[in-house]
Amino acid sequence: AAGVIQSPRHLIKEKRETATLKCYPIPRHDTVYWYQQGPGQDPQFLISFYEKMQSDKGSIPDRFSAQQFSDYHSELNMSSLELGDSALYFCASSPPSPVTEQFFGPGTRLTVL
Amino acid sequence: LAKTTQPISMDSYEGQEVNITCSHNNIATNDYITWYQQFPSQGPRFIIQGYKTKVTNEVASLFIPADRKSSTLSLPRVSLSDTAVYYCLVGLYTGGFKTIFGAGTRLFVKA
Chain Z
33 AAGVIQSPRH LIKEKRETAT LKCYPIPRHD TVYWYQQGPG QDPQFLISFY EKMQSDKGSI
93 PDRFSAQQFS DYHSELNMSS LELGDSALYF CASSPPSPVT EQFFGPGTRL TVL
Chain F
3 LAKTTQPISM DSYEGQEVNI TCSHNNIATN DYITWYQQFP SQGPRFIIQG YKTKVTNEVA
63 SLFIPADRKS STLSLPRVSL SDTAVYYCLV GLYTGGFKTI FGAGTRLFVK A
């Protein structure tokens, strides 16, 4: 079965650079979520999109932005990267309600040097 | 969104049944309770979801008392591969579109 695809899987950037993470949800899933998980920490909700519209925001820094495109893939754009942005970034998707299980991708490991 | 409280860690041995309890005193009427499992460097994986009473699937059972202020995830006959972090989430469905992962329970299964 198709799963959530994230690219790249690993990314190394310097401080103050920008990064773009991509997420391809499972076909026919209408909701996409982004999470950040620092080393030894629990996943932190960043932002979500429902039918290509932003639906909720969590602890997403102003330096980050995200969007969902017409083909339902989503991109998380991160600017002015800081050392503290080093983390695993997960994307998840969920099918139309009432089934609400979130299916997570393998994550993108971002390292900021 | 309802706040959840779980034990920080638990130890068990292979073959034993493990019960992880989550407290969610301010659960709302429309809230569902969902549990996820996460292995290191992997995304969380859905285990089970319920609203009230008992739910069972091929990997776990979820017990929810009548007042719904707590829930217990039961893992029958755990194996070493069940060593992971387990998260209890409470919200409308899975919190609607804003999903809050609290501090999960780190389960260590020993041989």
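These protein sequence lines map, in sequence, to chains Z and F.
Residue 109 in the working numbering is what sits at position 77 of the first sequence, and the numbering runs on without skipping anything.
Residue 43 in the working numbering is what sits at position 41 of the second sequence, and the numbering runs on without skipping anything.
Glycine included, each C-beta is placed from N, C-alpha and C at the ideal position.
At the 8 Å Cβ level, is residue i part of the contact set with chain F, yes or no?
i	result
residue 93 of chain Z	no
residue 70 of chain Z	no
residue 51 of chain Z	no
residue 133 of chain Z	yes
residue 43 of chain Z	no
residue 124 of chain Z	yes
residue 115 of chain Z	no
residue 96 of chain Z	no
residue 65 of chain Z	yes
residue 74 of chain Z	yes
residue 101 of chain Z	no
residue 108 of chain Z	no
residue 138 of chain Z	yes
Quick check: what's the CA-CA separation for residue i versus residue j?
i	j	result
residue 84 of chain F	residue 64 of chain F	16 Å
residue 118 of chain Z	residue 112 of chain Z	12 Å
residue 60 of chain Z	residue 70 of chain Z	30 Å
residue 61 of chain F	residue 34 of chain Z	22 Å
residue 82 of chain F	residue 48 of chain Z	42 Å
residue 68 of chain F	residue 141 of chain Z	42 Å
residue 31 of chain F	residue 42 of chain Z	41 Å
Pick helix, strand or coil for residue i, following the three-state DSSP scheme.
i	result
residue 76 of chain F	strand
residue 113 of chain Z	coil
residue 64 of chain F	strand
residue 83 of chain F	helix
residue 57 of chain F	strand
residue 96 of chain F	With a pLDDT of 45 at residue 96 of chain F, under the threshold of 50, the modelled position of that residue is not reliable, and the figure given next carries that caveat. DSSP places residue 96 of chain F in coil when its eight states are reduced to three.
residue 5 of chain F	coil
residue 63 of chain Z	strand
residue 104 of chain Z	coil
residue 42 of chain Z	strand
residue 134 of chain Z	coil
residue 27 of chain F	coil
Of all the CB atoms in chain Z, is at least one closer than 8 Å to the CB of residue i?
i	result
residue 105 of chain F	yes
residue 102 of chain F	yes
residue 73 of chain F	no
residue 25 of chain F	no
residue 43 of chain F	yes
residue 6 of chain F	no
Using only alpha-carbon positions, find the residue among the options that is nearest to residue i.
i	options	result
residue 10 of chain F	F:81, F:25 and F:19	F:25
residue 37 of chain F	Z:80, Z:135, Z:139 and Z:58	Z:135
residue 37 of chain Z	Z:145, Z:101, Z:99 and Z:106	Z:106
residue 91 of chain Z	Z:68, Z:126, Z:41 and Z:127	Z:68
residue 88 of chain Z	F:43, F:102 and F:12	F:102
residue 71 of chain F	F:40, F:28 and F:15	F:28
residue 127 of chain Z	Z:63, Z:42 and Z:96	Z:63
residue 58 of chain F	F:74, F:13 and F:40	F:74
residue 48 of chain F	F:8, F:17, F:90 and F:7	F:90
Using a Cβ-Cβ cut-off of less than 9 Å, list which residues of the region 47–70 of chain F approach chain A; keep chain order.
No chain A is present in this structure, whose protein chains are Z and F.
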